[in-house]
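A.B. asks: So the sequence shown is numbered by the numbering used here: it starts at 10 and just counts up by one.
Ideal Cβ placement from N, Cα and C applies to all residues, glycine included.
This is the structure, below, for whatever I ask next.
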Amino acid sequence: MALEDYIRDIQDFPKPGIGFKDITPLLGSAEAVKECMGLLLSNLKGKNIDKVVGVESRGFFFATLLAYELNAGFVPVRKPNKLPYETISSSYELEYGVDTLEVHIDGIQKGDRVLIHDDVLATGGTAAAVCELVEKLGGEIVQCNFLMQLSFLRGKDKISKYDIYSPLVY
Numbered sequence: 010m011a012l013e014d015y016i017r018d019i020q021d022f023p024k025p026g027i028g029f030k031d032i033t034p035l036l037g038s039a040e041a042v043k044e045c046m047g048l049l050l051s052n053l054k055g056k057n058i059d060k061v062v063g064v065e066s067r068g069f070f071f072a073t074l075l076a077y078e079l080n081a082g083f084v085p086v087r088k089p090n091k092l093p094y095e096t097i098s099s100s101y102e103l104e105y106g107v108d109t110l111e112v113h114i115d116g117i118q119k120g121d122r123v124l125i126h127d128d129v130l131a132t133g134g135t136a137a138a139v140c141e142l143v144e145k146l147g148g149e150i151v152q153c154n155f156l157m158q159l160s161f162l163r164g165k166d167k168i169s170k171y172d173i174y175s176p177l178v179y
């Protein structure tokens, strides 16, 4: 199955000059989701993951499924003021501005083996911020995985010290 056939390109979203990779056609196909999950899980055999961190918001779709399949806890990383308990935060630059992410202070325990999942690795700012949050809480990052990677934006360079996996590379 060609997963890229389920990714729709939207020009000038969320602002002019940005080419957005829309995963909703993939999410609408049970077969494509199953294929994607198989690929994401195939790279995690024997990794003993304690927590799966999902990045708001499109990262939540597969992160929760991965947590379920790995018998691991799910930890949401969200934009400011979306989490109800005490948080720590990290700010980052992305291809179209600056943003901040937060995680609950008790979401990850010291020594937890963590899988970070997001839908896309673009400039790497979001991923680097999430890695910073996980490490501040004492987690050990086992892998950063993404549904797709936009290699021309070189985001991999910002998180190169970690194991990185994505079934789709553009």
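Would you say Glu65 and Ser99 are within 7 Å of each other, going by their C-beta atoms?
C.D. replies: No, they are not a contact pair.
A.B. asks: Would you mind sorting Gly164 into buried or exposed? The rule is 16 or more other CB atoms within 10 Å of its CB.
C.D. replies: Buried.
A.B. asks: What residues match up with Leu182 in a beta bridge as DSSP calls it?
C.D. replies: There is no way to answer for residue 182, as the model of the chain reaches only from 10 to 179.
A.B. asks: Straight-line CA distance for Val112 to Tyr15?
C.D. replies: Roughly 31 Å between the two C-alpha positions.
A.B. asks: Taking the CB atoms as reference points, tell me whether Asp18 and Gly28 lie closer together than 7 Å.
C.D. replies: In contact: Asp18 and Gly28 (Cβ atoms closer than 7 Å).
A.B. asks: Lys54 to Lys60, Cα distance in whole Å?
C.D. replies: Lys54 and Lys60: Cα-Cα distance of roughly 15 Å.
A.B. asks: Considering Cα atoms alone, identify which of Phe69, Lys145, Leu130 and Leu12 is closest to Cys45.
C.D. replies: Among Phe69, Lys145, Leu130 and Leu12, the Cα nearest to that of Cys45 belongs to Leu12.
A.B. asks: Express the C-alpha separation of Leu50 and Ser175 in angstroms, rounding to a whole number.
C.D. replies: Approximately 11 Å between the Cα atoms of the pair.
A.B. asks: Reducing DSSP to helix, strand and coil, say where Lys119 ends up.
C.D. replies: Looking at Lys119 - three-state DSSP - the assignment turns out to be coil, as it is neither helix nor strand.
A.B. asks: Between Ile117 and Val123, which are expected to be in contact by the criterion C-beta below 8 Å, what is the C-beta distance as a whole number of angstroms?
C.D. replies: At roughly 6 Å, the Cβ-Cβ gap stays under 8 Å, so Ile117 and Val123 are in contact.
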